[in-house]
Every structure is written in C-alpha cells, then in structure tokens.
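Colleague: Sharing a structure below in structure tokens format, with a few things to ask.
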Amino acid sequence: MNRMLIVGNGFDLEHGLKTAYWNFREYLEENHLDFLIAFEKMYNFYPVDFGDPYVGKDAQQEWEKDLKSKLWESFEEEIGNPDIGSMWNTSECILDDLDLDGGNIGIEDTMDEYWRNEYGFIKQFPEYVKEWIEQISTKDIAPRKQALVNDEECICLSFNYTDTLENVYHIEDVLHIHGSVCKNSWVEPIMGHYNRENIEKHKVAANRAGKYFDEGEESIQKAIAEFLEPINKDTDEIIKNNQRFFDQLSEIDSITIVGWSVGRVDIPYLRKVAESVKAETIWHVYWHDEKAEKMLEDAFDQVGITLKYRDFNPDTKFWDRL
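Per the UniProt record's numbering, the sequence shown starts with residue 1, numbered consecutively.
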C-alpha cells in the first residue's frame with residue numbers, strides 16, 4: 001500500500017455527526033450540568049440567569065459567542081490554561097484564615113482535602129468524553145465519498161473517536177490515534193491539551209516547596225498539576241506507543257488529508273508522518289474554509305514540508321456532489 005488517508009473531525013461533521021467541541025458542551029449541559037458549571041468557572045466563565053429582566057435581550061447570544069471564541073472553538077488548546085491566578089488567590093486566602101504562627105507546617109492534609117473537594121471534579125472529564133462519543137451513532141449515515149467505500153488499499157489514520165470509516169465505509173484497518181469507542185480500538189478516547197511541560201513545572205515546584213517545608217505552596221502546586229493531568233493529551237507518549245504504525249509508512253508516496261486542520265496540539269503528529277514517509281511524497285490537502293487553510297499552511301511551513309509537494313484544495317473538490 002502506497003497511499004495514506006488522514007481524517008480529522010471535519011470528516012465526521014461533513015457526515016452530519018454532532019462531534020464539534022460545542023456539541024460536547026451541549027451534552028455536558030444536558031447530562032452533567034454541575035460539572036460543566038464547575039469546569040467553565042476554571043476559565044472565568046460563570047452561569048448567567050438569562051431570564052432576569054435586567055439582563056439584556058442579546059445577552060445570551062453575546063455570552064455564547066464569547067464562550068465559543070475564548071474556550072470551546074479551540075477547546076484542546078485552551079483547556080491547558082485555566083485561571084491559575086485565581087487558584088493562587090484562593091490558596092493565599094485559606095492560609096491567611098489559618099493564621100499560622102509557625103509557618104506553613106502541619107497543614108498539608110487540610111489543604112489537600114480542600115483542593116480535592118474544589119477541583120476533584122476534573123477527574124470525571126475522560127469518563128464524560130467517552131459517554132458523549134458512545135451516544136453518537138453512525139448507523140444511518142450515508143457515504144459522502146464513494147471511492148472510499150471498501151477501500152483496503154490505503155493506510156488510514158483517524159483523529160476521530162467515531163467508527164465512521166469502519167461502519168460507513170467498511171474500512172477495517174484504521175488507527176484511531178486518540179482512541180475510539182470502536183470495537184477494534186483498545187484505547188479509550190483521549191481529549192486534552194498538549195502542555196505536559198506545565199504539569200511537570202508545577203510538580204517540580206511542589207517537590208521544591210516540600211523540601212523547604214512550605215506545605216501551603218506544596219499543596220497548591222500539586223493541586224494545579226492534578227487539575228491539568230486528566231485533561232492532558234501526552235502526544236509524545238502517544239506517538240511512541242504507535243511507533244509500529246509509523247514504521248510502515250516508508251513506502252507511502254501519496255497522502256490525502258481531509259477534515260484535519262492540524263491545530264497546535266497536532267503539529268507533532270504531522271511532523272512524525274512527514275519524517276516517516278518519502279521526502280517526495282505528495283500531500284493532497286483539502287481545507288474547509290480560509291481559517292483552516294491558513295492553519296494548514298502554517299503547520300506545513302513549521303514542519304518544513306516542501307511547497308512543490310503540496311496540493312491544497314477546498315474540500316468541495318473532495319466530496320461527491322449531493
């Protein structure tokens with residue numbers, strides 16, 4: 001096999017599946033509202049009573065627009081940046097209330113319990129991602145690209161959690177690099193930020209504070225790291241775990257990308273694929289809008305994929321006409 005297909009969330013969206021980040025928020029709002037409220041507070045978004053007569057008639061529309069643009073549109077890039085300053089302020093207030101004459105000693109258990117109660121909800125994040133994906137059905141979805149149906153002559157890499165390629169196009173050999181709910185995937189869905197360095201930074205700071213018996217700082221540093229951990233996507237580890245897949249790409253001379261705009265968190269995957277295939281491999285890239293086109297061009301520039309091997313087109317040239 002010398003052809004490769006890479007699909008991202010735009011592929012599922014084109015088939016009418018509600019797999020956008022905002023759809024995940026809608027699922028949380030309907031099924032896990034307390035979690036959603038606590039989660040969005042971490043990014044300085046608080047619930048508003050739009051039934052209040054003192055709230056303007058356009059308030060909900062403006063609030064949702066702001067929420068989408070600042071958090072949910074680029075969800076996996078943004079969730080690695082919670083309001084840590086607010087967490088620090090809370091920690092300082094607690095320490096002030098304790099009014100310790102002998103310094104921050106003997107308070108670790110008290111502080112740790114507080115952080116668990118305050119931020120422990122985040123550990124449910126992976127479970128809710130899986131729940132959401134499991135209720136998305138591809139049963140009645142029709143193919144949008146007939147040439148892909150039963151195509152067993154290409155290597156498929158999917159950044160999606162669904163079984164669209166398997167169930168709609170009857171392609172069995174698919175690597176879901178971020179896990180899936182498919183029966184042939186042994187990895188559960190992974191959603192998160194690519195900010196491992198930040199987690200390690202807070203862990204190191206916690207250890208350093210512990211050596212100096214500053215249990216207040218040690219506790220808050222651990223709490224920040226533990227909040228970021230369940231929503232982290234360890235891209236380097238994922239690539240390492242799938243090295244055998246990348247090893248089989250050496251003979252690929254044609255790659256088709258559709259529905260994948262290569263966000264900042266996905267740059268390492270593009271680089272790994274580029275390093276694994278021939279230098280003269282042709283990249284047929286289909287973008288959905290100008291924003292996606294710009295993101296793709298920037299990603300290809302960053303990775304260093306030569307211009308003459310790029311074939312960029314709007315995705316209307318990829319899909320079959322309805």
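Note that the Cβ used here is the ideal one computed from N, Cα and C, for glycine as well. Just so it is clear, the structure is predicted and the values come from calculations on it, not from any experiment.
So, ARG310 versus TRP283, is the Cβ gap smaller than 8 Å?
Modeller: Counted from its first residue, the sequence shown places residue 310 at position 310. Counted from its first residue, the sequence shown places residue 283 at position 283. In this structure, TRP283 lies closer than 8 Å to ARG310 by Cβ.
Colleague: Just the Cα atoms here: how many angstroms apart are LYS294 and TRP260?
Modeller: Residue numbering aside, residue 294 sits at position 294 when the sequence shown is read from its first letter. Residue numbering aside, residue 260 sits at position 260 when the sequence shown is read from its first letter. Distance between the alpha carbons of LYS294 and TRP260 is about 12 Å.
Colleague: Go through the region 52-103 residue by residue and report every complete run of the alpha helix (DSSP H) that reaches 4 residues or more, in order.
Modeller: Qualifying alpha helix (DSSP H) stretches, in chain order: 59-67, 75-78 and 84-98.
Colleague: Would you kindly work out how many angstroms separate the C-alpha atoms of GLU26 and GLU152, rounded to a whole number?
Modeller: On the sequence shown, position 26 is the one that residue 26 refers to. On the sequence shown, position 152 is the one that residue 152 refers to. Cα to Cα, the separation comes out at about 36 Å.
Colleague: Just tell me which of MET111, GLU118, ILE255 and GLY10 has its CA closest to the CA of LYS278.
Modeller: As a working note, residue 278 is residue 278 in the sequence shown. With distances taken between Cα atoms, LYS278 lies closest to ILE255.
Colleague: Check ASN232 in the structure and name its three-state DSSP category.
Modeller: The sequence position of residue 232 within the sequence shown is 232, counting from 1. It is a strand residue.
Colleague: For SER254, list the residues DSSP reports as bridge partners.
Modeller: Within the sequence shown, numbered from 1, the residue matching residue 254 stands at position 254. Looking at the DSSP assignment, SER254 forms a beta bridge with ARG3 and ILE282.
Colleague: Quick one: which unbroken alpha helix (DSSP H) runs of 4-plus residues sit fully inside the region 167-247? Chain order, please.
Modeller: Annotation note: the region 167-247 contains the following uninterrupted alpha helix (DSSP H) runs of length 4 or greater, listed N- to C-terminal: 196-211, 215-228, 235-241 and 243-247.
Colleague: Out of PHE318, ASP289 and ASP266, state which residue places its alpha-carbon closest to the alpha-carbon of PHE300.
Modeller: Position 300 of the sequence shown, counting from 1, holds the residue named residue 300. Ranking PHE318, ASP289 and ASP266 by Cα distance to PHE300 puts ASP266 first.
Colleague: Excluding the five sequence neighbours on either side, which residues of its own chain have a C-beta within less than 6 Å of the C-beta of residue 363, listed in chain order?
Modeller: An answer regarding residue 363 cannot be provided, because it is not within the stretch 1 to 322 covered by the chain.
Colleague: Within the chosen definition, does the region 69-86 reach the region 19-35 through at least 3 CB pairs nearer than 8 Å?
Modeller: As far as the Cβ criterion goes, the region 69-86 touches the region 19-35, which means the pair count is three or higher.
Colleague: Quick one: what's got a C-beta closer than 6 Å to VAL168's C-beta in the same chain, skipping five residues either side?
Modeller: One-based indexing of the sequence shown puts residue 168 at position 168. Same-chain partners within the cutoff: THR138, ILE141 and PRO143.
Colleague: Using CA coordinates, which residue listed in ARG116, LEU307, PHE159 and GLU290 is at the minimum distance from GLN221?
Modeller: The residue labelled residue 221 in the question sits at position 221 within the sequence shown. Of the candidates ARG116, LEU307, PHE159 and GLU290, the one whose C-alpha sits nearest the C-alpha of GLN221 is ARG116.
Colleague: Are PHE245 and ASN9 close, meaning C-beta to C-beta below 8 Å?
Modeller: By 1-based counting over the sequence shown, the position of residue 245 is 245. By 1-based counting over the sequence shown, the position of residue 9 is 9. Result no, Cβ atoms of PHE245 and ASN9 do not sit closer than 8 Å.
Colleague: Give the C-beta separation of ASP83 and ASN44 to the nearest angstrom, bearing in mind that I take them to be a contact with Cβ-Cβ under 8 Å.
Modeller: On the sequence shown, residue 83 is found 83 positions in, with the first residue counted as 1. On the sequence shown, residue 44 is found 44 positions in, with the first residue counted as 1. Their Cβ separation, rounded to whole angstroms, is 5 Å, which keeps ASP83 and ASN44 in contact under 8 Å.
Colleague: For my contact list, ILE6 and LEU157 are in at a C-beta cut-off of 8 Å; report their separation, rounded to the angstrom.
Modeller: On the sequence shown, position 6 is the one that residue 6 refers to. On the sequence shown, position 157 is the one that residue 157 refers to. At roughly 5 Å, the Cβ-Cβ gap stays under 8 Å, so ILE6 and LEU157 are in contact.
Colleague: Count the CB pairs spanning the region 224-244 and the region 192-206 that are closer than 8 Å, and state whether there are at least three.
Modeller: Because the criterion of three Cβ pairs below 8 Å is met, the region 224-244 and the region 192-206 touch.
Colleague: Where TYR114 and HIS32 are concerned, what is the direct C-alpha to C-alpha distance, given to the nearest angstrom?
Modeller: Taking the sequence shown and counting its residues from 1, one reaches residue 114 at position 114. Taking the sequence shown and counting its residues from 1, one reaches residue 32 at position 32. For TYR114 and HIS32, the distance between alpha carbons rounds to 22 Å.
Colleague: Looking only at C-alpha atoms, which of TYR269, THR316 and PRO314 sits nearest to GLN302?
Modeller: In the sequence shown, the residue the question calls residue 302 occupies position 302. GLN302 has its Cα closest to that of TYR269, out of TYR269, THR316 and PRO314.
Colleague: Roughly how far, in whole angstroms, is the beta-carbon of GLU108 from the beta-carbon of GLU218, given that I think they are within contact range, below 8 Å?
Modeller: The count along the sequence shown starts at 1 and reaches residue 108 at position 108. The count along the sequence shown starts at 1 and reaches residue 218 at position 218. For GLU108 against GLU218, the beta-carbon gap comes to about 7 Å, under 8 Å, which counts as contact.
Colleague: Can you tell me whether TRP319 is helix, strand or coil according to DSSP?
Modeller: Stepping through the sequence shown from its first residue, residue 319 is reached at position 319. Residue state, collapsed to three classes: coil.
Colleague: Determine the direct distance from the alpha carbon of ALA206 to that of ASP101, and round the result to whole angstroms.
Modeller: Mapped onto the sequence shown, residue 101 falls at position 101. Mapped onto the sequence shown, residue 206 falls at position 206. Residue placement at ASP101 is flagged as unreliable, the pLDDT there being 47, under the threshold of 50; the coordinate-derived value follows with that caveat. A direct Cα-to-Cα measurement between ASP101 and ALA206 gives close to 22 Å.
Colleague: How is PHE45 classed by DSSP in three states: helix, strand or coil?
Modeller: On the sequence shown, residue 45 is found 45 positions in, with the first residue counted as 1. Of the three classes helix, strand and coil, the one that applies to PHE45 here is coil, per DSSP.
Colleague: Have a look at the DSSP bridge pairing and note the partners of ASN313.
Modeller: Here residue 313 corresponds to residue number 313 of the sequence shown, with the count starting at 1. Looking at the DSSP assignment, ASN313 forms a beta bridge with TYR286.
Colleague: Per DSSP, LEU157 is paired with what?
Modeller: On the sequence shown, residue 157 is found 157 positions in, with the first residue counted as 1. According to DSSP, which records beta bridges pairwise, LEU157 is partnered with ILE6 and LEU175.
Colleague: Thinking C-alpha only, which one of ASP320, THR316, ILE224 and ASP52 is nearest ASN89?
Modeller: For the purposes of this step, residue 89 is taken as the residue at position 89 of the sequence shown. Residue ILE224 is the option with its Cα nearest to ASN89.
Colleague: Should LYS130 and GLU76 be called a contact, given that it needs their Cβ atoms to be closer than 8 Å?
Modeller: As a working note, residue 130 is residue 130 in the sequence shown. As a working note, residue 76 is residue 76 in the sequence shown. Taking 8 Å as the Cβ cut-off, LYS130 and GLU76 do not qualify as a contacting pair.
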